Every structure is written in C-alpha cells, then in structure tokens.
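Take a look at the structure below.
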Amino acid sequence: MLRAQQVDVAYGPIRAVQQVSVTVEEGSVTALVGANGAGKSSLLKALVGLVPMHASELSFRGTDVRRLGTLARVRDLGVVLVPEGRGVFMGMTVDEGLEMGRRIGRHREKAGHVSEALDLAAVFELFPNLRERRRLLGQQLSGGEQQMLAVAKALLMAPSILLVDEPSVGLAPKIVRGIFETLDAVMKQYKVSILLVEQDSKLALAVADYAYVIEHGRVVAEGPAEVVRELPQLRAAYLGEVAAVSDHAEAATASTANGVDPQ
Amino acid sequence: MTVFAQVVLNGFVLGSEYVLVAIGFTLIFGVMGVMNVAQADFYALGPFVMIWVSVNAGLGLAFGAIVGMASGIVLGVLYYWLVLKRLGEKNFLAAFIASVGVSYFIENLLTSLVGSQGSPVPGLLPDTFHTWAGVLISDPQLLLLACTVVITVALLVGLSRTSFGRDVRAVAESRFLAAASGVNVRLVMVGSVAVASAIATIGGVLVSSTTLTINPFSGGDIVLQMFVVAIVAGMGSVGGAALAGFGLGIIESMTVQYWGSSWEMVSGLLVMVVVLMIRPQGLFGKKVRIG
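Chains as they are written, first to last, in my numbering: chain H, 1 to 263; chain Z, 1001 to 1291.
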C-alpha cells in the first residue's frame, strides 16, 4: 500500500537517509530496525511530509503523493505518524488531545475515506486509564499514559497506515507489551497497516511480518521478520551477542556527537 | 487620594494602548516564534485608514472606523504572505529584521503621504468628561478601556475554548506535532497574524479617538513599551501581556506624577531588568519554549 523508492533525506550537508526503498504491504506490520541515528525517524517524518525528501517514487495505494503536503497525507490518505518521545501536547488536556484526533477521523468518515472510525468510547475501551484522566494535562500524565494518549489520538484519526516511531523508549516492558497488543488488535479489527521504527529489534521483529535493517541512512538488509531475526550482523549488533558490538556502538556515538542524530 | 486614583486611572488608559499592541505581538511570537516589530506600525495605520475613508473619501465616521479597525485583517494577511511566510517559518532572525524593515517602510510611506506632523483624528465619541469622586474620565477613554478588556477576554476565551484556539495552542507548543496531528499549520499562522494585526488597528483607532491626533511615528513610539510588556509577561503569554500592559501604564503614569516625566521610559525598563533578574522567563512565561 505504501511504496517508497530511493528516498533521500538531508539536513543541510548531513544526509540522514540515503537511497532507502521501503514497501509496506496492505494489512501488514513492517519494521525498521537499526541503531540510534540511523535515519529511521527521519524516514518516517519524510513519509508524512514533515521533512523534505527526494524519492524516485512515493506512492500510497498507487497514487503519487510526493507533491502532497502533510495535511493532505494525514487527512485524505490516512498516513498518520505517532511521533517519538510521546507525541502529546503537554499543555492540553487528554480530552483536547483526543478531540484533535477525532476531528480528523470525523473528516475521513464524512469524506468517505473510511466506513467507520474509532470513536471516543472505543478508545476508552482500549485505554481505560485515559478515561480517568480526561481532564489532566499532557504533562501530568505518566510516560506510559502519554504514549497511550499518542496512540489513542492517532487511532482516532482513522489511519490507513500508522507510522509508529520508537514506542518503547523509556517505558516499562509491561506497558510496552500492552501498547503493542493494542496496536495488534486495532490493526486486525480496523485493517490498519503499520510501519514501526523500533530500536528494540527483538520486540520489533517479534511483531513484524517484514523488516528492514537500516545503518547510517542505508538499508543493509531486508526480509521476512523471521529471516532478519537470524541475520548474523543483527544478532551481533542489537541482540546482545558480543562480536562487533563495540564497532557499531562507536559509530552510533560518533554520529550523535556530530549532531547527525536527527531527533 | 484623589490624585492617586486619577494617576492609577490614567495608567489604565495608557496601559490599554500597550495591551492592544502587546497581546498581538506576543500571540505572533507564540505561534511563529517571530518578534514582529511592525505590529506597532499597524497600530498607527488603523487611524490613518479611518481618516482616509471617513474624511478624505467622505464615507462617514462610522464606516471609516469599521474599515480602519478591520484593515488589520487585510494588512495581516498581506504581511503574512509577503514577508512572514517566506522568512518566518524557517528563519526567525530574518523575519525579525524584515519586520524592522516593514516598520520603517510603513513609517516612511505614511510620512510621504501625510507629512510627519500629526493629523487630526475625528473622535468616535464626543469628548465628554465624567467626574466620579473627583476622578476625571472621558467617554472615549471609557470606550477604550472597555474594548481593551473585552478584546483581551475574547482572545483568551477564543484560545482556550474554540477549536481554532486549540489549533493555535497546538502550533505554539510544537509546530511539528501540530502538523502531524492534522492541524492546518499555515491557516493557524495566517489567522493568528490577521487577528493580531486587527487588534493593533482596533487599538490605534480607539486610542487616537482619545488623543484626537495620529502621526506616522505613533507606532514606532511605543515599540519599546511593546517589547517591555511582552518580555516582562513572558513571551507568548497573552493573559500575562494584558496584565503587564496595564501594569506598565500605571507605573509610567505614577512615574510621571511622582518622579518626573523624563523618567517615564526609564521606569518601565527598570521594571523589566528587575523582573528578568528574578524570573528570566518573564512573569507568566514557561521555563522552556519548544519550537
């Protein structure tokens, strides 16, 4: 449903993403794994049009979307980003945040892009915690609740594809599992595809159907998740096996120090 | 006591002027991150538009006043498309410098059109004075005060209760997150600039109706106060700017009465320095501003 070919993203002279090609099949979970600063987040932002990109192809269900702005991609096509670091407005109440999402969902229902969008009741069903905190500000929520709010808001926008950026960062494993289970359930019920960026490769590869390994802005490996899981360089770098770890760690640190890390 | 009450009241009247330029200034800063110096010159343009429409074109005072007040909407939209959109969305410093340029441009354009002397402004209301317990206030001053309070409250309610206001707050907190949430960021920006400019032109019309004169530099004369008010309040805080605007008016009015008129400017700057020493983010500012 989403095809991006030879994507380049540059911040001035810094090339965050180079010639990356990614395809997300309808109804699937596709994962982008790789070290911090590898350009995964930049790619997601570029896909919703939040940072400029060059690509030989960027199509959504067969339509070229390269010339569309963020608003059109979000509202008309349902390409919805759940940003990294809790995409929540700190100065807004839970209700206000959810209403922002619901507004897009209603628009998509009316325009006939989706037959039925999630409503507030359905979201509170999925995230009962949020119901009790409706009047609290984003900044008064715990990290887990903020991530739930970000996901809930995105779901209310009636997405066709969710671009989820590092949902596990800084959260307890139990909460992360909860969020992944919710995403999985929603995906099946509402036929949402997911493009997941996740540093925790183990976690990502457990839920993904297909995966790309990205290093220094390039795709270095791809394949069905169960195949990628067994790749030696991935096992070495990210799944805790010793060989070559120092090498990768160094590269990651160096790029952060140079300000390459686009987050 | 009567003198003191009169000084305070004069301070409120003077402060209204500062409030009406500063809340728009701080709104644009909150939404776009741009310090828009030209805000004060829109304040001067409003009365001139009113004079041209009502006196020069002879279309009547009421119609002229409405056009003068509403001219800010058109000016704001134009200003956004011509200047801020091209510079302000990415480069705050360039937009700031450009706004200084626009400010000079407006002042010199007006000077070449009407000369640098003050032009007489037809008052919106007859200059009737009322006395309450020895304190004097005129009808135009009452109108100015009432409108300032109404406009400030309307802006605050609009920001907190309407969906457009929610979008404005979203963009102010994070343009990136707002865009990702399906907010029409550009519409929010142009809308905010239009509202801010309209508040400035309304302010100009109302204030000049109390002073009955306007000159091309009336806006430039209060740029400093506009900065002081917005900075003391905390950049981006509309409610804070309203309080600080009245506060500065009262302080200046007292300084003139009890210290000497040459100290008028000094007192405001002194207050700013003291406030910033204690609270660098301003009285109502957030510690960290993102975006």
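Note that beta-carbon positions come from the ideal geometry of N, C-alpha and C, so glycine has one too.
Since this is a predicted model, take the numbers as computed values, not measurements.
Helix, strand or coil at residue i [DSSP, three-state]
| i | result |
| --- | --- |
| His-216 (chain H) | coil |
| Pro-128 (chain H) | helix |
| Val-1150 (chain Z) | helix |
| Glu-1252 (chain Z) | helix |
| Asp-1139 (chain Z) | helix |
| Ala-4 (chain H) | strand |
| Arg-1279 (chain Z) | coil |
| Ser-193 (chain H) | strand |
| His-980 (chain Z) | This structure cannot settle anything about residue 980 (chain Z), because the visible part of chain Z is limited to 1001 through 1291. |
| Arg-15 (chain H) | strand |
| Glu-198 (chain H) | strand |
| Glu-96 (chain H) | helix |
| Glu-286 (chain H) | Coverage of chain H is limited to positions 1 through 263, which leaves residue 286 (chain H) absent and any answer about it impossible. |
| Ala-1170 (chain Z) | helix |
| Phe-1042 (chain Z) | helix |
| Leu-156 (chain H) | helix |
| Phe-60 (chain H) | strand |
| Gly-259 (chain H) | Confidence at Gly-259 (chain H) is low in this model, with a pLDDT of 38, below 50, so its placement is unreliable and no value can be given for it. |
| Asp-165 (chain H) | strand |
| Gly-1072 (chain Z) | helix |
| Glu-1089 (chain Z) | coil |
| Ser-21 (chain H) | strand |
| Ser-1119 (chain Z) | strand |
Own chain residues within Cβ distance below 6 Å of residue i, not counting five before or after
| i | result |
| --- | --- |
| Ser-1197 (chain Z) | Phe-1042, Gly-1072, Leu-1075 and Gly-1076 |
| Gly-1030 (chain Z) | Ala-1172 and Gly-1236 |
| Phe-127 (chain H) | Met-148 and Ala-152 |
| Val-1013 (chain Z) | Gln-1141 |
| Thr-23 (chain H) | Arg-3 |
| Gly-259 (chain H) | Because Gly-259 (chain H) sits at a pLDDT of 38, beneath the cut-off of 50, its placement in the model cannot be relied upon, and the point is left open. |
| Met-1069 (chain Z) | Thr-1201, Ile-1202 and Val-1205 |
| Glu-250 (chain H) | Its pLDDT being 42, under 50, Glu-250 (chain H) is placed unreliably in this model, and the value from its coordinates should be taken loosely. Excluding sequence neighbours, Glu-250 (chain H) sits near nothing in its chain. |
| Pro-83 (chain H) | Asp-165 |
| Ala-1244 (chain Z) | Val-1229, Val-1232 and Ala-1233 |
Own chain residues within Cβ distance below 8 Å of residue i, not counting five before or after
| i | result |
| --- | --- |
| Gln-1257 (chain Z) | Val-1003 and Val-1007 |
Contact with chain H by residue i, beta-carbon distance below 8 Å
| i | result |
| --- | --- |
| Ser-1181 (chain Z) | yes |
| Glu-1173 (chain Z) | yes |
| Gly-1285 (chain Z) | no |
| Asn-1091 (chain Z) | no |
| Arg-1086 (chain Z) | no |
| Ala-1241 (chain Z) | no |
| Met-1161 (chain Z) | Here residue 1161 (chain Z) turns out to be Arg, not Met, going by the sequence shown. Cβ-Cβ to chain H under 8 Å: no for Arg-1161 (chain Z). |
| Ala-1170 (chain Z) | yes |
Whole-angstrom distance between residue j and residue i, CA atom to CA atom
| i | j | result |
| --- | --- | --- |
| Gly-170 (chain H) | Arg-67 (chain H) | 35 Å |
| Val-1055 (chain Z) | Thr-1201 (chain Z) | 18 Å |
| Gly-1158 (chain Z) | Pro-232 (chain H) | 58 Å |
| Asn-1108 (chain Z) | Leu-1045 (chain Z) | 12 Å |
| Ile-1222 (chain Z) | Gln-146 (chain H) | 43 Å |
| Leu-1136 (chain Z) | Arg-1161 (chain Z) | 37 Å |
| Gln-199 (chain H) | Gly-1182 (chain Z) | 26 Å |
| Leu-1059 (chain Z) | Pro-1120 (chain Z) | 17 Å |
| Glu-109 (chain H) | Ala-1095 (chain Z) | 39 Å |
| Ala-154 (chain H) | Leu-1212 (chain Z) | 55 Å |
| Lys-174 (chain H) | Ser-168 (chain H) | 10 Å |
| Ile-1246 (chain Z) | Gly-1011 (chain Z) | The sequence shown places Phe at residue 1246 (chain Z), not Ile. Rounded to whole angstroms, Phe-1246 (chain Z) to Gly-1011 (chain Z) spans 7 Å at the Cα level. |
| Thr-57 (chain H) | Gly-143 (chain H) | According to the sequence displayed, residue 57 (chain H) carries Glu and not Thr. When rounded, the distance between both Cα atoms is 37 Å. |
| Gly-87 (chain H) | Leu-196 (chain H) | 15 Å |
| Val-20 (chain H) | Ala-208 (chain H) | 19 Å |
| Leu-1061 (chain Z) | Gly-1165 (chain Z) | 33 Å |
| Leu-156 (chain H) | Val-17 (chain H) | 30 Å |
| Tyr-1018 (chain Z) | Gly-105 (chain H) | 42 Å |
| Gln-140 (chain H) | Gly-1285 (chain Z) | 18 Å |
| Gly-217 (chain H) | Leu-183 (chain H) | 27 Å |
| Val-7 (chain H) | His-54 (chain H) | 6 Å |
Below-8 Å beta-carbon distance, residue i vs any chain A residue
| i | result |
| --- | --- |
| Leu-1177 (chain Z) | The chain inventory of the structure shown lacks chain A, comprising the protein chains H and Z. |
Below-8 Å beta-carbon distance, residue i vs any chain Z residue
| i | result |
| --- | --- |
| Gly-170 (chain H) | no |
| Gly-37 (chain H) | no |
| Phe-127 (chain H) | no |
| Glu-132 (chain H) | no |
| Glu-96 (chain H) | yes |
| Gly-87 (chain H) | yes |
| Gly-91 (chain H) | yes |
Sequence-distant residues of the same chain with beta carbon closer than 7 Å to residue i, five excluded per side
| i | result |
| --- | --- |
| Phe-1217 (chain Z) | Glu-1107 |
Can you pull out the residues from the segment 1059-1081 of chain Z whose beta carbon lies closer than 8 Å to at least one beta carbon of chain H?
Under the 8 Å Cβ criterion, the segment 1059-1081 of chain Z contributes no residue.
Residues from the segment 57-84 of chain H in contact with chain Z, defined by Cβ distance under 9 Å:
Flagged, chain order: Gly-69, Thr-70, Leu-71, Val-74, Arg-75, Val-80, Leu-81, Val-82 and Pro-83.
Got a sec: which bits of the segment 1021-1052 of chain Z sit with their beta carbon under 7 Å from any beta carbon on chain H, in order along the chain?
So nothing in the stretch comes that close.
So if I threshold CB-CB distances at 7 Å, which residues from the segment 39-58 of chain H count as touching chain Z?
So the close ones are Val-48 and Leu-50.
Please list, in chain order, the residues of the segment 141-152 of chain H that have any C-beta partner in chain Z closer than 8 Å.
Here the close residues number zero.
The segment 99-112 of chain H: which residues have C-beta closer than 9 Å to a C-beta of chain Z, in chain order?
Flagged, chain order: Glu-99, Met-100, Gly-101, Arg-103, Ile-104 and His-107.
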